[in-house]
């Protein structure tokens, strides 16, 4: 009986072990015939590589469409566009897109596109990001051609104001670059009616353009574009990126960022200028933007000046533009982004090549001059802005901007630590030597004044610089000045009678006021210097 029980037990064990072996063999066969869940088959992997369509508006008003992988970085798309344009000197250019507030933003090449774009489909505009101070140092004609297209768009939209003479000169070079030498049989008499090279184009301007164009016999299109750039770079608003803001008194101003530093405009006038060597640190906190200024010749301490932006996104946008311009134009190489988990605030740094590195790379370009066709697509077309919408003239820059808040500016000088909505950046040593920095500081157009409360604020220099205006506006301006002088010199003018009454009735009249009243009573002519001083404070805007 014991032997029988042991035999049955052994038989059951063999049967169980056989079932286990069969189950294992079945699993092995299943693993061989079916893919693992953790392994991606080539077919499924290819389907998961999703692409996104994009459209880029180019400077000649044509469109470039394509698809790129959704996780691509901005540099990938930028390389695709530049390859399509056959452009090697691409560091001066960039891609812009409109955010939810319809504000222009530059695509960050170091970040994924989908993390920057909130709207779909992906719409971009190819534009000049850094305007070279000396366009003659560009190596290839095709680079200068695209810079000319950008400047023509700036002029048409009003972002780059010009006088009548400058409009005529730049327009004549544009016609020469597109049409070549004038030919009576081919062009006729009214051959530029279809071209648009000024916001408010008149018949007088067209006649002047044709007169200049007919004198350019033998000038090649490349030479015409070089002459165009040599004159355009001298304009006061060349390469200035404007941002709406308010000063400490709540007055609307425009902050302009350019290759030389930060500019401040009020009522179309440049009232202050801070060169990069003068600025020690730039920062933003919420919707406030701050710059720390190096002490002047007669000052002992550093000072901080604050500005109010429409919102925190606008403040951060301005902060980024300042960092990029300072790095590109002033540094030899870009600063690497901070590493580590304990880094507070934004890790944003300019990741492209600087102007010094770009010039070195351009000197190594070794290819035949690329062939390209100069576009005439600017005919009949209204200018578009960089965000794809029609642009407004400069005269309306400060209009329709009611979104600016009226919060108190008491936070201007508070200490703060960087966070998502606040960041400060200490500017790196510049490319130029210290002696050049001192010369640039001494040649600045503005100084800093300290008010009664000890706060430092920008002061307007005696010599006020007007933006380029048209010929008609300048004539009206001069006529109003002459009329004002004649009115002030008349013996029975209202101003003279007012001075008489003040000098006669004021019990605490100072000797200076009494002397002034005596001169008025004697009907002496008004001091011409005081008239000029009064006229300088009168801002005449174009109609």
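Residue numbers (UniProt numbering): 1 to 543. All C-beta atoms in this analysis are idealised placements derived from N, C-alpha and C, irrespective of residue type, glycine included.
- According to the DSSP assignment, residue 273 belongs to the beta strand (DSSP E) that extends over 269-275.
- Beyond the five residues adjoining it in sequence on each side, residue 239 comes within less than 7 Å, by CB distance, of 131, 258 and 259 in the same chain, given in chain order.
- In the three-state DSSP reduction, residue 60 falls in the coil class, being neither helix nor strand.
- An exposed status is given to residue 101, since fewer than 16 other beta-carbon atoms sit within 10 Å of its beta-carbon.
- Contact between residue 316 and residue 246 fails: their C-beta atoms lie close to 17 Å from each other, not under 8 Å.
- Straight-line spacing of the CA atoms in residue 145 and residue 151 works out to 10 Å.
- With the rule of 3 Cβ pairs closer than 8 Å, the segment 87-99 counts as touching the segment 112-127.
- DSSP places residue 374 in no alpha helix (DSSP H); its state is neither H nor E.
- Per DSSP, residue 292 is one residue of the beta strand (DSSP E) stretching across 288-293.
- When DSSP states are grouped into helix, strand and coil, residue 216 belongs to the coil group.
- If you draw a straight line from the Cα of residue 325 to the Cα of residue 232, it is about 20 Å long.
- In this structure, residue 352 lies near residue 109, with their beta-carbon atoms less than 8 Å apart.
- Shown here, residue 78 sits in a helix according to DSSP, grouped into three states.
- In terms of Cβ geometry, residue 237 and residue 169 do not form a close pair [threshold 8 Å].
- The beta carbon of residue 243 is closer than 8 Å to those of 254, 255, 256, 257, 309, 314, 317, 318 and 321 in its chain, skipping five residues each way along the sequence.
- Ranked by how close their Cα comes to the Cα of residue 290, the residues 298, 205, 50 and 280 have 280 in first place.
- The beta carbons of residue 149 and residue 59 sit closer together than 8 Å.
- A direct Cα-Cα distance of roughly 15 Å separates residue 209 from residue 227.
- Counting every other CB atom within 10 Å of its CB across the protein chains shown gives residue 65 a total below 16, marking it as exposed.
- Residue 251 counts as exposed, since fewer than 16 other beta carbons sit within 10 angstroms of its beta carbon.
- Secondary structure at residue 107: coil, using DSSP grouped into helix, strand and coil.
- A buried status is given to residue 272, since no fewer than 16 other beta-carbon atoms sit within 10 Å of its beta-carbon.
- Residue 256 is bridged by DSSP to 242 and 263.
- About 5 Å separates the CB atoms of residue 356 and residue 332; that is less than 8 Å, so the two are in contact.
- Residue 50 sits in coil when the DSSP states are folded into three classes, being neither helix nor strand.
- Residue environment: residue 205 is assigned as buried (16 or more neighbouring CB atoms within 10 Å of its CB, all protein chains considered).
- Residue 89 places its beta carbon less than 8 Å from that of residue 358.
- Shown here, residue 332 sits in coil according to DSSP, grouped into three states, outside any helix or strand.
- When DSSP states are grouped into helix, strand and coil, residue 192 belongs to the coil group.
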